[in-house]
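Data block below; observations after.
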Amino acid sequence: MSVSGDVVVVNARARGLALHLFSRAEIEELAGATLAELAETLSRRLAEPRAVPPTPEGLHSMIRHGVMRAVRLLSRWPGSQPAVEIFEAEQDRRALRAMLRGAVQAAPRQHRLDGLLATSSLPERALVDLAEQPTARLVVAHLVALQHPAALRLSVLVARGEPDLFDVDVELVRGFAHRASRAAERGDRHLRAFVGRRIDLSNAELALALAGGLHERDPARCFVDGGACFGRDAFVLVSRADTKAMGASSLRRLVAGTPLDDVASEAGESPARLERAGLVHELAVQRRESRLDPLGSAPLLSYVLRLEAEAIDLSRLVWAAALGAPAKAVLSELVTPWR
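In my numbering, each number is its position in the sequence shown, counted from 1, plus 695.
Next comes the structure, spelled out in structure tokens:
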């Protein structure tokens, strides 16, 4: 089958699989549900055995299994590999960040797994094993045994003892940029543009994290190459801001008129809010590109991003149920698009 034929088939498959995702309305209806009610719904929709008893840990595991099965199914179709590899590179970055932070901060095992997704390089069993490690050094030792792509770069950080968490973040972004950029080279312009925007977003998060600090690091050495609209000079300017507020203001000014414009305005001073705003923005971008170029990779990207958004929202519903949070507190943080 030709490459164009592969794309047609995998896009049709992605559109078909997307019909089985939760709609925004369905997720909103679940806000305020109990753990038992969520377990019933997830078991039915994700075709997963019901968590008994319905604990947050059990429900998070159901969500991870559901997403992993969907990605494996998609991966069987020629033409899906570059997009799936980029998706998995990002999920691995998020997982390893949580595992290393959890080990350094001695967080409970179940909290380290919250909202994470399994991948072919970090399957469910590996995530559970990593979450049980008491030190960052042991987390990395397990990655070495798994022959994970991030193992070597992280080994350098833990060789001298407890790693600095900002240095961990930088190395994980570098690892993502390397894996995702190589995968995007085998794809089309949509994949390459997506990876560039994702690296820009990660650099913006790093720069905001540095803003208002003691400036002991050389910001230029923390910049990760591969982005499209947020360069090294802009990164340094934001990083050297005297306060978070000044850094956020500088970021908004420097990215005005670029794909990061709306994202920076939405996030304000919070690096964590940047990631959420970036996902919301990217979902809208891929929905638009899917209409303009239905034979490109945008429909496939749209599907895997919808999978990520669904997992994030369902995980948020689980913890809201466990903590007895009001429904309105959950609704304001949902990322699944309306269409």
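Just so it is clear, CB atoms sit at the ideal spot from N, CA and C, and this is done for glycine as well. Note that the structure is predicted; figures quoted are calculated from it, not measured.
>> Measuring straight from C-alpha to C-alpha, what distance separates G711 and V704?
In response: 11 angstroms
>> What would DSSP say about V975, mapped onto helix, strand or coil?
In response: helix
> Between L795 and V834, is the Cβ-Cβ spacing less than 8 angstroms?
Replying inline: yes
>> Just to confirm my understanding: we take V1013, look at its own chain, exclude 5 residues before and 5 after, and list those with CB closer than 8 angstroms. What are they?
In response: L730, L733, P751, L754, H755 and I758
> Just reading off the alpha helix (DSSP H) that H885 is part of, what are its end residues?
Replying inline: R884 to L905
>> Give me, in chain order, the residues of the same chain whose beta-carbon lies closer than 8 angstroms to that of H806; leave out the 5 immediate sequence neighbours on both sides.
In response: G797
> Pairing CB atoms from the segment 780 to 789 with CB atoms from the segment 814 to 829, are three or more of them under 8 angstroms?
Replying inline: yes
> Looking at the structure shown, is H715 part of a helix, part of a strand, or coil, going by DSSP?
Replying inline: coil
>> Is the separation between the beta-carbon of R927 and that of F918 shorter than 8 angstroms?
In response: yes
>> Buried or exposed for Q800, going by 16 or more other Cβ atoms inside 10 Å?
In response: exposed
>> For a quick check, are the C-beta atoms of L867 and A899 less than 8 angstroms apart?
In response: no
> Which ranges does the alpha helix (DSSP H) cover as unbroken runs of at least 4 residues, wholly within the segment 762 to 838, from first to last along the chain?
Replying inline: 776 to 799, 804 to 807 and 819 to 826
> Thinking C-beta only, is D864 closer than 8 angstroms to R792?
Replying inline: yes
> Okay, do the segment 960 to 968 and the segment 764 to 779 touch, 3+ Cβ pairs below 8 angstroms being the bar?
Replying inline: no
> In the structure shown, what three-state DSSP assignment does V1030 receive?
Replying inline: coil
> Leaving out the 5 sequence neighbours to the left and right, which residues in its chain are closer than 7 angstroms to L1018 when beta-carbon positions are compared?
Replying inline: none
>> What would DSSP say about R983, mapped onto helix, strand or coil?
In response: helix
>> So, at 6 angstroms on beta carbons, what are the nonlocal neighbours of A879 in its own chain, with the 5 sequence-adjacent residues on each side left out?
In response: L886, R887 and V890
> A802 to L860, Cα distance in whole Å?
Replying inline: 14 angstroms
> Which whole-angstrom value is the C-beta distance of A923 and R892, which I expect to be below 8 angstroms?
Replying inline: 6 angstroms
>> So, at 6 angstroms on beta carbons, what are the nonlocal neighbours of A875 in its own chain, with the 5 sequence-adjacent residues on each side left out?
In response: I781, A784 and V890
>> Starting from S850, trace the alpha helix (DSSP H) in both directions and tell me its first and last residue.
In response: A846 to V853
> Taking T938 as the reference, which of L905, P914, A1006 and A959 has the closest Cα?
Replying inline: L905
> What's the gap between the Cα of V766 and the Cα of V779?
Replying inline: 7 angstroms
> Quick one: what does DSSP say P858 is sitting in, helix, strand or coil?
Replying inline: coil
> Looking at the unbroken alpha helix (DSSP H) that takes in F918, where does it start and where does it end?
Replying inline: Counting along the chain, F918 falls outside any alpha helix (DSSP H), and DSSP gives it neither H nor E.
> CA-CA distance, S1027 and L716?
Replying inline: 20 angstroms
> Just the Cα atoms here: how many angstroms apart are L725 and A1015?
Replying inline: 11 angstroms
> Which two residues bound the contiguous alpha helix (DSSP H) that contains F930?
Replying inline: R927 to S934
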